[in-house]
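Residue numbers (this note's numbering), protein chains in the order written: chain A, 4 to 88; chain B, 2 to 167.
Okay, so here's the structure we're looking at.
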C-alpha cells in the first residue's frame with residue numbers, strides 16, 4: 004500500500020510530503036525502515052535514522068500507537084521531537 | 002472576548018498576519034462578569050531571546066501542526082481544570098511563522114477564584130505544551146546558519162489500539 008507522510012520541523016527539508024510504499028498489512032512501526040531507506044541519500048550529512056527513531060506518527064486528532072494498522076492512501080504526519088512555547 | 006466560567010479558548014496565529022497580544026489574553030479571562038467570581042488572573046508570555054546554547058539568535062520560525070496542536074492545548078487545559086478546578090478559564094494562543102528577538106511566541110492566561118490555582122494551572126499549561134505539543138522551532142543565527150531545536154521526544158499514545166485501523 005502507499006501512504007503519504009506530511010512533514011514538520013527537521014523533516015521539512017525533505018519536502019512537504021513524502022510518498023512511501025509499505026506492505027499490505029503495515030503498522031505504524033513499519034513506516035520507519037522504508038522512510039530511512041527513502042532518505043538514505045541525505046544520511047551522509049544527517050543522522051536520519053536517529054531522527055526517525057525519535058519521531059512519532061499522528062493523524063490530525065491523535066498520536067498513533069506503534070501497533071495501529073495503516074490503511075492504504077492514508078495521510079500520516081511525522082512528529083520529530085517537539086520544542087513549543 | 003468574553004466567555005462563561007470554565008471556558009477554554011485555544012488558537013494558533015500566523016504572526017505575519019496577527020501578532021500575539023498578551024493583554025488580549027488577560028482581558029479574555031477577566032471579563033466584566035467574570036471579575037466578580039474570579040479573584041486571580043495569571044499570565045505567561047513567551048518571547049524570543051537573543052541567545053541559545055552559546056549562539057547569538059536573530060529570530061525563530063515556529064512550525065505548528067495546527068489541528069493536533071489545538072486539540073492538544075485543549076486537552077492540557079482540561080487536565081488543569083481537573084486538577085485545580087472546573088471553573089478555571091483558559092486562553093492559549095501560540096505563534097506560527099517567523100518572529101524577531103522579543104517577539105511573542107505564546108500567551109497563556111488563566112482566570113481563577115484564587116491565586117494558588119491560577120499560578121499552578123498556568124505553570125502546568127506552559128510546561129505541558131513544551132513537552133507535548135506538536136510545535137517546532139527553527140533558530141536563525143547571527144552567522145546566517147539556521148537549526149531546528151533538538152526538542153523533546155513524544156510518547157506514543159497510551160491507549161490500546163489493537164482493533165483500531167485508520
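Backbone N, C-alpha and C fix where the C-beta goes; we use that ideal spot for every residue, glycine too.
Please read these numbers as outputs of a predicted model, since none were measured by experiment.
message: Under DSSP, the beta strand (DSSP E) around residue 57 of chain B begins and ends at which residues?
response: 56-65
field: Buried versus exposed, by CB contacts within 10 Å (16 or more), residue 163 of chain B
entry: Any reading at residue 163 of chain B is ruled out, since the residue's pLDDT is 40, under 50, leaving its predicted position unreliable.
message: Can you confirm whether residue 64 of chain B, when its beta carbon is compared against all beta carbons of chain A, has any partner nearer than 7 Å?
response: yes
- prompt: When DSSP labels each residue in this structure, what does residue 93 of chain B get in the three-state scheme?
  reply: strand
- request: Could you tell me which chain B residues have their CB closer than 7 Å to the CB of residue 53 of chain A, listed as they occur along the chain?
  value: Those do not exist, as residue 53 of chain A stays about 11 Å from chain B at its closest Cβ, beyond 7 Å.
- request: Would you mind sorting residue 47 of chain B into buried or exposed? The rule is 16 or more other CB atoms within 10 Å of its CB.
  value: buried
Span separating the alpha-carbon of residue 45 of chain B from that of residue 117 of chain B: 15 Å
query: Hey, would you say the C-beta of residue 97 of chain B is under 6 Å away from at least one heavy atom of the ligand NAD?
result: Annotation note on the ligand NAD: not contained in the displayed structure, which lists no ligands.
- prompt: Does the beta-carbon of residue 161 of chain B have 16 or more other beta-carbons within 10 angstroms, so that it is buried, or is it exposed?
  reply: Note that residue 161 of chain B has pLDDT 40, beneath the 50 cutoff, so the model's placement of it is unreliable and the number below is only indicative. Residue 161 of chain B should be labelled exposed.
query: Which chain B residues are close to residue 24 of chain A, counting only those with a beta carbon under 7 Å from its beta carbon?
result: Within chain B, no residue comes near residue 24 of chain A; the closest Cβ sits about 18 Å away, beyond 7 Å.
query: How would you write the range of the alpha helix (DSSP H) that residue 12 of chain A sits in, first residue to last?
result: Unbroken run through residue 12 of chain A: none, as it is neither H nor E.
Nearest to residue 56 of chain B (by Cα), restricted to the options B:8, B:15, B:146: B:146
- prompt: Would you say residue 76 of chain A faces chain B, with C-beta separation under 7 Å as the test?
  reply: no
query: Between the segment 49-74 of chain B and chain A, which residues of the former have CB atoms less than 7 Å from a CB of the latter, in chain order?
result: 64, 66, 68, 69, 72
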